[in-house]
Amino acid sequence: MKKLFTSREALLCLLILAMLLSVGSVAKDFLSLSNLLSAYNDTSILIILALGQMLVIITRCIDLSVAANLALTGMVVAMLNSSYPDFPVPLLMLFGMLLGLTMGMINGLLVWKLEIPAIVVTLGTMSIYRGIIFLLSEGAWVNVHEMSEAFMHIPRSLHLGVALLSWLSIMVVGIFYYFCRYSRSGREIYAAGNSPTAAFYTGIDVGRSQFIAFSISGLLAGLCGYLWVSRYAVAYVDVAAGFELQVISACVIGGISIMGGRGTVTGCVLGAVFIGVINNSLPVIGVSPFWQMAISGAVIVLAVIASSKAEKKSGRIILKSAAIVPSR
Amino acid sequence: MEKITEQKWQLSKDWFKAIKLPWEFFLILITALVFTLCSFASPYFLDVWNLSDATFNFVEKAIVALPLAMLIICRDIDLSIASIIALSSVAMGFAAQYGLGLELIVIIGISVGVLCGLFNGWVVTHFDIPAIVVTIGTMSLFRGISYILLGDQVLKDYPDGFEYFGQGYIYWVFSFEFALFLLAAVFFYALLHKTNFGRRCYAIGNNPTAAFYSGINVKRHRLLLFVIVGALAGVAAVLLTSRLGSTRPTIALGWELSIITMVVLGGVNIMGGAGSIPGVFIAVFLMGIVTFGLGLLNVPGIVMSIIIGGMLISVIATPVLIKKFSHRGS
Amino acid sequence: MPQVAPFYSLRGISKAFPGVKALDKVQLDLYPGEVMALIGENGAGKSTLVKTMTGIYQPDSGELCLQGQTVSLATPDAARSLGITAIHQETVLFDELSVTENIFTGHYLTHGPFKTLDWKEMRRQAMQILSDIEAPIDPDMLLRHLSIGQRHMVAIARALSFDAKVVILDEPTAALSIHETQELYKIVNKLKASGCAIMFISHKFDEVFAIADRYTVFRDGCFVGQGKIDQIDEAQLVTMMVGRTVDQVYPKQKLPLGDVILKAQNFSHPTEFNDINFELRSGEILGFYGLVGAGRTELMQAIYGVSENINGTLELQGQPLSIRSPADAIKAGIVYVPEERQSQGVVLDLPIYQNIGLPQLNQINKNGLLNQRSEYALADTYARRLLVKAPDWHEHVGNLSGGNQQKVVIAKWLATKPKVIILDEPTKGIDISSKAAVHSFMSELVEQGLAVIMISSELPEVMGMSDRIIVMSEGLQVAQWHRADFNAEKIVSAASGGLNEKTIH
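Residue numbers (the numbering used here), protein chains in the order written: chain S, -18 to 309; chain X, 33 to 362; chain L, 121 to 625.
Below is the structure:
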């Protein structure tokens, strides 16, 4: 059976634990169950988006438009809710997901059918999606008093003591475990990213795999659009501006190789949790929030340096004496 | 023998091919079209002072776009440029607060850019990590440092004369910024198209392995390009800070995207290996005119981003679509 | 004798690439329960043919018939669903995936209503297939941990995991030892007995005669002839394949050897090769023979400064030499013509003259400014010497045929006036006339006092051109012979690991 943790992930786990404990030793309340749950809840959206981004990165692409996608669906959902407060929220969520899916599919189609580099496509669509928010809202905000009770309440509702938002992210993680290990499409995404040529030879349509990855990333961004607006109780043009970078950072820290083909769900989740822990602990230990950005930047640089050493090729294995591989 | 070679060289010199006319030609056409449309749409458009004012909005970005084009031709990218501008501006702000002189402030600003570029280049080449990941990291790192240093303060105690870089005119309507940009364009044109250094850029961008096997020091070359990009980001920081007269950590936020858009619009292949300085030069004006024209028509900035984003995609997609349909036809 | 209908046929297939007509109205028939050997020189279009037969390339014209029905293979997937499978020359597999997954990618086994992948069953079947072909490989291992021979076995296992009716083997023995080759024959015979139509590509005649029932000969992308293998002999096949008698092919001259130019001692790398020692004299052609993946390329790249972690010493004309990058090697007068021409040898999107000038831009353009005229003149001199065929030297290298691209690479290196030139499979995948040009040029070079190292996996070439042959096997230097003592059988057996002790005559 596959090992659940690679050595990198174990290290990341240890780091997270060490951070939790050291912050906990300064601030006693930090390690209380309720605080940890709320910290996880804070990180849920990042986890969901990072998983979508992971698939895209595995296929050797990148999706810079996730945050714009999230903001646009968030705005649309919020406007619908303020105009039609009686419209059932679950259906609204579904609508948001469909809208996000559509935007993801547009990205995917441009990459698949026109073979435009993903970074160019998503650079373009991120501006376009953001601009559309302005056209729709005319720059106005949708504030908390314009949102219905249900709209605000649902992600916060507690089930077994845990907020629905957290449950949603746990569900997404579960689905991803299954998808990445036990579904044909999931494995094809890995194969396509690992070696596009070999994938083509084995009958996998690499472009289609990229399309699927972008669609899933878009779908999740759509879901998060509602979650974000509901959580922060406001929708405006610049919602989640720059958040795509945190999402990509989570992937990079979690060991998703930007060269494609390599990365695990566990790693990705740990990467997102790592960022979540930093974000939540800085205020606790009294570090100004201005430090947050520099720290996450430094962490990204250090993480890629660390993983570059692990990935470094040591040459082909030709000598018999070198071919002895440790058995699992 | 010598003579025959000579003749052959003259005969086969294909200027159209050599300067890659089609893409630039296409760009010039669009630019001319937009220019004409704008001059009809607004009575204020065809005014030299208005046009001159308009250049301020893109010249600082354009100065970074030139070296970035070379970096992208070499298959690298630098997403941290806007953050370098911010950090460099913060450094100048503190230098000014300590009462340093004009020259020293400028030198410090550019040096910070060089150091940031050096750091990017070192991490990318020494550890062999894709530039996009490294510079996503340093993008947060450099701007993060600016936040740490400055928080929510504003620095504005710049010495007299500092405003000249971003606000001064050297002759009539020609601003210092614009003149500097023209100078930079000529310099980078020569560097990319007329020197060994430029030739190596194309070789590395097309096939880094073959370039390495041909004895080119690929790592040093790439490192140097990162430094040049950093230095020009420093120059842009001087101009921008001087024009605004103040420094905040949010300065030049989001610029990396519009600068990269300029480069890609200019026909530089984001996958490396192809592109030209003339192309970027025209694209800069195209974007400038579109922004200015729409501004005159009272179109808000955020809506312009739709147009620029759409332009980016459609300009790349058009040749691909044409190719696809012409293939289908045959 | 009952007339059996061909199972899979090609009728008038043509395929062109920019600058090359790879296949020209080709025909070919595969019969059920028979092995058809496809014979042709490198560059005769065999690999293109395989890719056309398996849906990777689309033919420009002509048709493919399966059991008398015209079929179109739009994708590799379509070919596979019709039972057509191939083991390609370069093993195209996934480094980051497990052996089991490499075998089943694209045709995963699933169970349940959600088509959940059935890893247990896949692993079980993978183990079954691997043990059938006697390849002791852990199915859970990631592919990147396997050696080259093991990768080949995985590729074979993959081909066997399909319910295949047509099996195409493209030079499957190139990286296999004699023992592994025998195992492969057993597998082929098993497949034959089960009624598969098999195509076996090789240019080793002993293999062809050992295993094939029929033959088809190609030359320069054209069909030359076909028939039953027991009605033809080797000499006739060679004549068909080459189109002329073989004696003239190698323009080898007897030259007195000069001083030692290059000397390697204890040259080692942690995983690629170990304890390599040799001397190279001026005027000498030193052949390195071995199976594909024996470590020869890796050794030469190490000498050229590409690899890291090298131990051992190198001397040039008696002076110790430290080479840490290709730039150092070029400066010292050692140049390397790589096997991977397109990825390591040339910059496809640059013109010929810029490719030739690339290693010595600083010498041509002293002040750093491009002087296109002198660059062009330099390229002109050497491209003419090498007889590069192109309209002019502004032509992009990507538009040239393989043979002419190779000439550009050699021209590039000659222009640097080297002392030692290392040629790695210099005639792989190029047409006959370019091949002859490269050979006669090698003779010319040594005449001028250069020293040449040639890696070749083609026995006739290495025996025809070399003054001395060093044989490598699994990263070790296993034998060495001087020209007078060349013996084909001994060389092949040494390359397969048949010799345990070093044999030096």
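Ideal Cβ positions, reconstructed from N, Cα and C, are used throughout, including at glycine. None of the values given here were measured: they were computed from a predicted structure.
- Excluding the 5 residues flanking it on each side, Leu200 of chain S has same chain C-beta neighbours closer than 7 Å at Met78, Gly81, Leu82 and Gly85, in chain order.
- Contact between the region 429 to 446 of chain L and the region 300 to 313 of chain L is absent, with fewer than three C-beta pairs closer than 8 Å.
- Interface flag for Asp180 of chain L against chain X is unset, since no Cβ pair is found closer than 8 Å.
- Gly595 of chain L places its beta carbon less than 8 Å from that of Gly415 of chain L.
- C-alpha of Leu285 of chain X to C-alpha of Leu411 of chain L: approximately 58 Å in a straight line.
- Runs of the alpha helix (DSSP H) lying entirely within the region 142 to 214 of chain S and spanning at least 4 residues, in chain order: 145 to 163, 165 to 175, 177 to 182 and 187 to 213.
- Note on geometry: alpha-carbon atoms of Arg401 of chain L and Ser297 of chain L lie some 31 Å from one another.
- Note that the C-beta distance between Val261 of chain X and Pro99 of chain X is below 8 Å.
- Between the beta-carbon of Val218 of chain S and that of Ile334 of chain X there is about 6 Å, and that keeps the pair under the 8 Å contact cut.
- Take the alpha-carbon of Ser138 of chain S and the one of Pro66 of chain S: they are about 19 Å apart.
- In the DSSP assignment, Ile590 of chain L falls within the beta strand (DSSP E) that extends over Arg588 to Ser593.
- Your pair Leu53 of chain S and Ile114 of chain S checks out as a contact, with CB atoms roughly 5 Å apart and the cut at 8 Å.
- At a Cβ-Cβ threshold of 8 Å, Val466 of chain L and Val508 of chain L do not count as neighbours.
- Judged by DSSP secondary structure, Asn397 of chain L falls outside any alpha helix (DSSP H) and instead within the beta strand (DSSP E) spanning Ile396 to Arg401.
- Interface flag for Arg254 of chain X against chain S is unset, since no Cβ pair is found closer than 8 Å.
- Taken in chain order, the unbroken stretches of alpha helix (DSSP H) that lie wholly in the region 45 to 118 of chain X and span 4 residues or more are 47 to 50, 53 to 73 and 80 to 105.
- In this structure Val143 of chain S does not touch Leu32 of chain S by the C-beta definition: roughly 19 Å separates them, more than the 8 Å allowed.
- Assignment of Trp272 of chain S by DSSP, reduced to helix, strand and coil, places it in the helix class.
- Exposed is the label assigned to Leu12 of chain S, since fewer than 16 other Cβ atoms lie within 10 Å of its Cβ.
- Taking the Cα positions, Pro177 of chain S is about 46 Å away from Gly5 of chain S.
- In terms of CA proximity to Gln385 of chain L, L:Thr433 leads the group L:Thr433, L:Ala284 and L:Gly345.
- In this structure the region 561 to 576 of chain L does not touch the region 330 to 347 of chain L; the number of beta carbon pairs closer than 8 Å is below three.
- Per DSSP, His389 of chain L is not a residue of any alpha helix (DSSP H), being assigned neither H nor E.
- At a C-beta separation below 7 Å, Phe244 of chain X has these neighbours in chain L: Pro446.
- The region 432 to 488 of chain L contains, as complete alpha helix (DSSP H) runs of 4+ residues, the segments 446 to 452, 472 to 477 and 481 to 484 (chain order).
- Annotation: Tyr21 of chain S is outside any beta strand (DSSP E); the continuous alpha helix (DSSP H) that includes it extends over Leu14 to Ile39.
- Remark: C-beta atoms of Gly226 of chain L and Gly182 of chain L do not approach each other more closely than 8 Å.
- By the C-beta criterion, the region 161 to 169 of chain X is judged to be in contact with the region 98 to 113 of chain X, since at least 3 inter-stretch pairs fall below 8 Å.
- Contact check for Phe195 of chain S against Val92 of chain S passes: the beta carbons are separated by less than 8 Å.
- Per the DSSP secondary-structure output, Glu183 of chain L pairs in a beta bridge with L:Arg131.
- One alpha carbon belongs to Phe219 of chain X, the other to Lys93 of chain X, and they sit about 16 Å apart.
- From the beta-carbon of Asn482 of chain L, the residues of chain X found nearer than 7 Å are Asn228.
- Following the DSSP letters along the chain, one finds Gly81 of chain S inside the alpha helix (DSSP H) bounded by residues Val70 to Lys94.
- One alpha carbon belongs to Ser178 of chain X, the other to Gln273 of chain S, and they sit about 12 Å apart.
- Around the CB of His559 of chain L, 16 or more other CB atoms lie within 10 Å, so the residue is classed as buried.
- The contact set of Gly465 of chain L on chain X, defined by CB atoms closer than 8 Å, consists of Ala242 and Tyr245 in chain order.
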